[in-house]
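The sequence shown runs 15 to 436 under the numbering used here. Encoded as structure tokens, the structure appears first; notes follow it.
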Amino acid sequence: MARAAEAIDFDPAEHYQTLRTPHFLVVHPDGYERLAHRAARIAESAFERQTARYGWDLSGRVTIVLDDRSDSASGGAQISPSKTIYVSVAQPTAETSISDYDDWMETIIAHELAHVFHLDMVYGLPWVARQLFGKSFSLNGATAAWNTEGLGVYEETVSSGAGRGRSTYGDMVLRMAALDDAFPGIDEAYYEQTRWPWAGTAYLFGGRFQLWLAERYGEEALVHYHRAYASTPIPFVTWLSAKLVFGRTLESLWQEFGESVNEEARATFEAVESSTTGVTRFTRLTSLEGDAIAPRVTPDGLFVVFSHLSPFEGETVRVVPVEGGRDTILLRDVSSRTFGFGPDGSIYFHRTDIDALYSRKDHLERYDFVSKSSQALVPVDRAYGAPKRLERSSDPDVSRSGRHVAFVQRHQGQTQLVVARL
């Protein structure tokens, strides 16, 4: 998970504390001591497990930075200039590909720590180069995204009862790629993929591919492949380590992996088609590229309001007739996961604020169809515990009278359901 995707930096006015453990330095804002101790316990357990799995000894301590400046779940890892993991304590929401988890802190630490082990390991001639050039030299850092992110997904899956490697969302993405005859090639599983699911191709397909390799050849063979590549003196020469470990090229293995997914997808499709319970038929309302999420029918039953996310058009809120047709953009630079409707037909949603590149936090707004504009909500009183402007709030729903709004509020990695009087 790339930290750069958040496009925010640390606020120099924030005060931080450091918790020291045998293998970690947990850096956290003031007031986050409970989360820091919990992260430390999880990290030490993951460290022991991954040291045994990957057979690599990390020297020195790994820094874990707990980050609560964003209401979006994310993480990141690096080994240069120092081994560091960034953990967003905000939990994933239902519409994301990372929503299948047992415990978010365990999942994100397992995933990011796997990156640290993977990037840090070097053998042979690359080890000599490491002594000369330091941590900036990493063979496993010079490889395709499906390789690095796929291993992170592999780790988050095998170390828990959930993870993207077994999520139903991942099942759907791979199954539909197979049924639509659009299964990506191994050379398409990278961050800058311009076809849906965009960068998710590296995570979902790369993770499933490595789980498939481990199931077929054993986990030790999968780990041996990564070690073998880490000892290759020439970056991106993956065929040598693959032939050494699997006896085949990665391209041929990926093709067979795709064929197995296709076979399973066809079997599932045929089972559904022949089911006596019946199949739900649907009508496609839009033909947009990207993700269309959070659809909700307006109270008059005539339109559907939804959010659209696209690397080409950015984030927008749109409305389309229930029978389909041309959609209309209501709001730009907004992606709300849910919508509520006032008695006058106005739309309640949440918007993300970027504060001087130091934070990304949600707040609630109301869109008026008459003025075609929106403004932030301000509660009449604070009897319900809602702060001014309903900050760090999302997922609104409005009472029939229009006098109250219910919403989700975030604080220190936890969520609470709040009702405020408008």
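Using N, Cα and C, we set each Cβ at its ideal position, and we do this for glycine too.
- Secondary structure remark: continuous beta strand (DSSP E) runs of at least 3 residues inside the stretch 258-341, in chain order: 305-311, 317-324, 328-335.
- Per DSSP, reduced to three states, the secondary structure at Arg406 is coil, with no helix or strand assignment.
- Exclusion of the five residues before and after Ala279 leaves Arg189, Ala192, Leu193 as the residues of its chain whose Cβ lies within less than 6 Å of its Cβ.
- The residue from Val412, His377, Ser413, Leu391 with its alpha-carbon nearest to that of Gln423 is His377.
- In the DSSP secondary-structure assignment, His425 is bridged to Gln428.
- Scanning its chain for C-beta atoms nearer than 8 Å, with the 5 sequence neighbours on each side dropped, one finds around Val101 the residues Ala53, Ile78, Val79, Leu80, Asp81, Gly89, Met119, Ile122, Ile123, Glu126, in chain order.
- Pairing Arg63 with Phe131, the inter-Cα distance amounts to about 12 Å.
- About 7 Å separates the Cβ atoms of Pro313 and Gly359, confirming a contact at the 8 Å cut-off.
- Bridge partners of Asp376 according to DSSP: Thr366.
- Only buried fits Lys97, as 16 or more other CB atoms lie within 10 angstroms of its CB.
- The count of Cβ pairs closer than 8 Å, one atom from the stretch 219-227 and one from the stretch 152-169, reaches three, so the stretches are in contact.
- Straight through space, the alpha carbons of Gly356 and Val384 are spaced by roughly 13 Å.
- One thing to note: Gly148 has its Cβ no nearer than 7 Å to the Cβ of Phe197.
- The shortest C-alpha to C-alpha distance from Val103 to any of Leu344, Val432, Gly427 is the one to Gly427.
- When DSSP assignments are scanned along the stretch 208-235, the uninterrupted stretches of alpha helix (DSSP H) that are 4 or more residues long and fall wholly within it turn out to be 214-231.
- Ser59 sits in a helix when the DSSP states are folded into three classes.
- In this structure, Leu323 is the residue among Leu323, Gln207, Phe363, Tyr168 with its C-alpha nearest to the C-alpha of Gly304.
- As DSSP reads the structure, Gly90 sits in a beta bridge with Tyr100.
- Taking the Cα positions, Pro140 is about 60 Å away from Phe317.
- Secondary structure note for Pro43: its beta strand (DSSP E) is the uninterrupted segment 38-43.
- The straight-line gap separating the alpha-carbon atoms of Ile99 and Ser84 is approximately 16 Å.
- Per the DSSP secondary-structure output, Tyr30 pairs in a beta bridge with Pro43.
- Per the C-alpha coordinates, the member of Ser415, Ser111, Ser413, Leu391 positioned closest to Glu405 is Leu391.
- Taking a cut-off of 8 Å on C-beta distances, the stretch 261-276 touches the stretch 198-214, as three or more cross pairs fall below it.
- A distance below 7 Å separates the beta carbons of Thr246 and Leu254.
- Taking the Cβ atoms as the reference, Arg178 lies roughly 7 Å from Glu170, within the contact range of under 8 Å.
- Taking the CA atoms as reference points, Arg351 sits about 14 Å from Leu345.
- Rounded to whole angstroms, the separation of the alpha carbons of Phe219 and Val187 is 9 Å.
- Measuring C-alpha to C-alpha distances from Ser174 to each of Arg75, Tyr137, Trp210, Ala60 identifies Ala60 as the nearest.
- Taking C-beta separations shorter than 7 Å and ignoring five residues to either side along the sequence, the partners of Thr107 in its chain run Ser113, Arg351, following chain order.
- Secondary structure at Thr246: coil, using DSSP grouped into helix, strand and coil.
- Here Thr297 has Gly338 as same chain residues with Cβ atoms under 7 Å from its own Cβ, once five neighbours each way along the sequence are excluded.
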